[in-house]
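See below for the structure under consideration.
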Ligand code: NDP
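Residue numbers (my numbering): 21 to 303.
Laid out in structure tokens, this is it:
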């Protein structure tokens with residue numbers, strides 16, 4: 021029997037900025053799999069229709085990006101426990117009889133990007149400081165707690181959002197402690213931490229940088245910014261000049277795509293130099 025044609029895509033609104041088609045189409049080619057990964061511009065009010073149409077269209081599944089990551093959960097037949105705990109999903113897999121299952125691979129992508137940058141890094145190494153309490157923070161905080169971070173110091177400009185995130189994730193059975201601290205304490209909170217992660221949009225292209233003095237940050241601490249445009253944010257530049265190992269958001273972006281490709285096409289793809297080059301060329 022002829023090999024089936026592999027079909028997947030990314031639903032978002034807007035979606036034209038997504039780099040996912042570039043990654044998945046390159047992997048399809050590298051693995052000799054006949055198929056295509058397409059951008060799927062789907063308006064929020066038509067998300068249910070679009071998702072329910074996936075099996076009939078022959079899709080193996082799709083990714084979800086802004087603004088669909090939470091709303092899509094309502095249309096799944098099943099939700100992976102990790103995605104449920106995170107309260108958001110970025111991956112749909114079409115199963116037998118057209119059943120839709122939702123997953124979240126953002127936390128995996130984040131964690132893998134840390135390990136790729138510093139293979140000996142352990143979540144147990146010490147307290148973690150996470151700045152921001154939006155969608156990216158959700159994946160970052162849960163993945164660190166799941167891997168044994170003893171505590172997360174969570175700071176957000178709007179403190180109530182940090183409180184809400186902390187109570188949702190704690191209620192979802194996350195191990196470790198989430199300490200919500202006022203945004204004004206973001207410099208003193210760095211004392212004794214093993215990892216600092218910026219998940220705010222400060223430092224993104226066309227946004228002001230994150231104003232943060234690193235004097236209290238231990239020199240051994242890893243510094244990560246989930247932003248990938250630009251690749252080196254002012255925070256990462258400052259940290260690199262201070263001698264820290266730094267991690268940008270490109271690794272998270274590329275690594276979250278790997279388990280999705282595996283779920284649809286049965287092969288765990290690698291971040292090859294060719295893929296990195298192709299991605300860098302778009303930034
Ligand atoms: P959200 O809109 O959900 O959250 C934005 C966060 O930034 C909030 O915590 C917000 O605080 C904070 N923020 C915005 N402006 C300011 C400001 N002027 N001062 C202080 N804090 C501010 O966005 P996401 O979590 O989805 O995305 C955040 C960043 O992460 C983006 O740059 C995005 O590109 C990146 N990202 C990277 C991924 C990757 O794979 N590498 C994946 C997902 C996101 P407040 O609550 O007070 O508004």
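Every residue, glycine too, gets a C-beta built ideally from N, C-alpha and C.
For clarity, every value in this text was computed on a predicted model and none was experimentally measured.
Looking at the ligand NDP, does it come within less than 6 Å of residue i, judged from the CB to the closest heavy atom?
| i | result |
| --- | --- |
| residue 247 | yes |
| residue 224 | yes |
| residue 109 | no |
| residue 220 | yes |
| residue 272 | yes |
| residue 154 | yes |
| residue 178 | yes |
| residue 269 | yes |
| residue 181 | yes |
Grouping DSSP H, G and I as helix and E and B as strand, with all else coil, what is residue i?
| i | result |
| --- | --- |
| residue 38 | coil |
| residue 85 | coil |
| residue 212 | coil |
| residue 206 | coil |
| residue 290 | coil |
| residue 139 | coil |
| residue 331 | Residue 331 is absent from the structure shown; the chain starts at 21 and stops at 303. |
| residue 28 | strand |
| residue 222 | coil |
| residue 59 | strand |
| residue 111 | strand |
| residue 201 | strand |
| residue 67 | helix |
| residue 300 | helix |
| residue 120 | strand |
Should residue i and residue j be called a contact, given that it needs their Cβ atoms to be closer than 7 Å?
| i | j | result |
| --- | --- | --- |
| residue 186 | residue 174 | yes |
| residue 121 | residue 276 | no |
| residue 150 | residue 210 | no |
| residue 263 | residue 233 | no |
| residue 141 | residue 242 | yes |
| residue 30 | residue 36 | no |
| residue 87 | residue 64 | yes |
| residue 169 | residue 137 | no |
| residue 253 | residue 259 | no |
| residue 92 | residue 109 | yes |
| residue 182 | residue 200 | yes |
| residue 55 | residue 78 | no |
| residue 130 | residue 279 | no |
| residue 268 | residue 295 | no |
| residue 171 | residue 197 | yes |
| residue 95 | residue 52 | no |
Among the options, which has the Cα closest to the Cα of residue i?
| i | options | result |
| --- | --- | --- |
| residue 248 | 75, 240, 220 | 220 |
| residue 76 | 282, 115, 218 | 115 |
| residue 270 | 299, 84, 103 | 299 |
| residue 288 | 103, 181, 44, 39 | 44 |
| residue 71 | 48, 113, 201, 40 | 113 |
| residue 180 | 152, 195, 50, 207 | 152 |
| residue 102 | 189, 237, 117, 172 | 189 |
| residue 82 | 117, 303, 50, 281 | 281 |
| residue 117 | 218, 73, 166, 52 | 73 |
| residue 155 | 46, 84, 225 | 84 |
| residue 80 | 246, 302, 284 | 284 |
| residue 236 | 297, 226, 206 | 206 |
| residue 62 | 50, 32, 222, 90 | 32 |
In chain order, each beta strand (DSSP E) run of at least 3 residues that lies wholly inside the region 232-282: Qualifying beta strand (DSSP E) stretches, in chain order: 242-245.
Secondary structure, alpha helix (DSSP H): runs of 4+ residues fully inside the region 131-180: For the region 131-180, whole alpha helix (DSSP H) runs of length 4 or above, ordered along the chain, are 155-166.
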